[in-house]
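Everything in the sequence shown is counted per full-length UniProt numbering, starting at 1 for the first residue and increasing by one. Virtual Cβ for every residue (Gly too), placed ideally from N, Cα, C. What follows is a short report on a single structure.
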Amino acid sequence: MPLAANVALLMLQIVLYRQQELSHGEKGGKLNELLVDPVVDEVVLDRFTNHRIVKLYAPELEKVRLRTMKKEVADLFSAGLPDKNLPVTVITLANHFYYTRINELEKDQIPKINRQMVNFVEQQEQQEQDHKIETP
């Protein structure tokens with residue numbers, strides 16, 4: 001099952017942050033290599049599974065194991081990018097899911113919230129009208 005854009009973006013952000021930590025740490029991995037072949041370890045797993053976005057939008061992933069987490073990241077890399085000319089890295093994948101999420105918000109969720117707000121205001125106005133009619 002493919003991850004929702006916001007969950008995939010979160011996963012990639014956590015992976016990116018971890019790669020930066022590893023590249024600056026004692027082992028001194030090269031960031032460019034880590035961005036193409038990221039290390040997914042217990043730190044990444046813990047940060048991901050305990051994040052509130054996972055709890056809200058993908059609670060089924062709260063109990064995921066490290067092997068599954070590594071597979072999810074590998075699946076994101078193997079799916080690649082719509083633009084085949086771009087290199088597939090943690091950053092380019094995160095950018096892709098960021099823009100995907102922005103489009104979801106702009107085209108689906110924000111208009112839906114606007115409609116709900118309009119409906120709510122109309123209901124409130126109708127209740128006020130009904131209340132005025134009932135009380136002389």
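Looking at Val54: is its Cβ nearer than 8 Å to the Cβ of Glu62?
Translated into positions along the sequence shown, residue 54 becomes position 54. Translated into positions along the sequence shown, residue 62 becomes position 62. Closer than 8 Å, so yes.
When the Cα atoms are used, what is the spatial distance from Leu16 to Glu122?
Position 16 of the sequence shown, counted from the first residue, corresponds to residue 16. Position 122 of the sequence shown, counted from the first residue, corresponds to residue 122. Leu16 and Glu122: Cα-Cα distance of roughly 45 Å.
By Cβ distance, which residues of its chain are closer than 7 Å to Tyr57, with the 5 residues on each side in sequence left out?
Against the sequence shown, residue 57 aligns to sequence position 57. Ala4, Asn6 and Val7, listed in sequence order.
By the DSSP assignment, the alpha helix (DSSP H) with Leu9 in it spans what residues?
If you number the sequence shown from 1, residue 9 lands on position 9. Run containing Leu9: Ala5 to His24, per the alpha helix (DSSP H) assignment.
Counted within 10 angstroms of its Cβ, other Cβ atoms place Val73 as buried (16 or more) or exposed:
For this step, residue 73 is matched to residue 73 along the sequence shown. Buried, because 16 or more other Cβ atoms sit within 10 Å of the Cβ of Val73.
Mapping the DSSP letters down to three states, classify Thr100 as helix, strand or coil.
Translated into the one-based positions of the sequence shown, residue 100 becomes position 100. Thr100 falls in the helix class under three-state DSSP.
Is it the case that the Cβ atoms of Leu34 and Phe97 are separated by a distance below 8 Å?
Indexing the sequence shown from 1 puts residue 34 at position 34. Indexing the sequence shown from 1 puts residue 97 at position 97. Against a cut-off of 8 Å, the Cβ pair of Phe97 and Leu34 comes out as no contact.
Contact check, residue 144 vs Arg47, beta carbons under 8 Å
There is simply no residue 144 to check, as the chain begins at 1 and stops at 136 in what is shown.
Alpha helix (DSSP H) containing His51: first to last residue?
Working through the sequence shown from its first residue, we reach residue 51 at position 51. Taken as a continuous stretch (DSSP letters only), His51 belongs to no alpha helix (DSSP H), as it is neither H nor E.
Identify which residue in Lys71, His24, Thr68 and Thr100 has its Cα closest to the Cα of Pro82.
Walking along the sequence shown from the start, residue 82 turns up at place 82. Residue Thr100 is the option with its Cα nearest to Pro82.
Using only the alpha-carbon positions, how far apart do Glu60 and His131 sit?
The residue you call residue 60 lines up with position 60 of the sequence shown. The residue you call residue 131 lines up with position 131 of the sequence shown. Rounded to whole angstroms, Glu60 to His131 spans 46 Å at the Cα level.
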